[in-house]
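Position one of the sequence shown corresponds to residue 4 (the numbering used here), numbered consecutively onward. Note that beta-carbon positions come from the ideal geometry of N, C-alpha and C, so glycine has one too. Step one of this worksheet: look at the structure below.
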Amino acid sequence: MAEAGRGTPWPCAGWQGRFGQEWHRAAIAEMSRVCRGEVRIFPLVRMTDAEPVAFLDALRADLRAEGLVCEVREVPYEFQRGANHMLTVGRRP
């Protein structure tokens, strides 16, 4: 689950399998455009097998190329095996 600003749930928790990298880039860029704070994406693993999302590094590079700041942060809980990091995305100050 992730949040756009505060309290808005990310539309697809099993995110890699349902939508591709370009869909995620566009969705995250749009959430970053309309939110006041940062967009938070969690978890960063596939829901089906807890493997890391294959296109995460490329997605982060695409978002940085659009002028967004991306950071992977450890969280103090583990939603499922290996799911203890979130991606934060925001605009430059």
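On the DSSP letters alone, give me the boundaries of the beta strand (DSSP E) that E33 sits inside. DSSP places E33 outside any beta strand (DSSP E); the residue lies instead in the alpha helix (DSSP H), whose first and last residues are 24–37.
I'd like to confirm the pairing. Which residues does DSSP put opposite M50 in its beta bridges? Bridge partners of M50: none, in fact.
Cβ shell of A86 (< 6 Å), same chain only, five flanking positions each side left out: A distance below 6 Å between beta-carbons, with the five flanking residues on each side excluded, links A86 to the following residues of its chain, in chain order: P46, V48.
For E77 and H88, believed in contact at Cβ under 8 Å, the rounded distance: 6 Å
Residue range of the alpha helix (DSSP H) that R67 falls in? 59–68
Taking the alpha carbon of R21 as the point to measure from, which residue in R95, T51, Q83, V37 has its own alpha carbon closest? Of R95, T51, Q83, V37, the residue nearest in Cα terms is T51.
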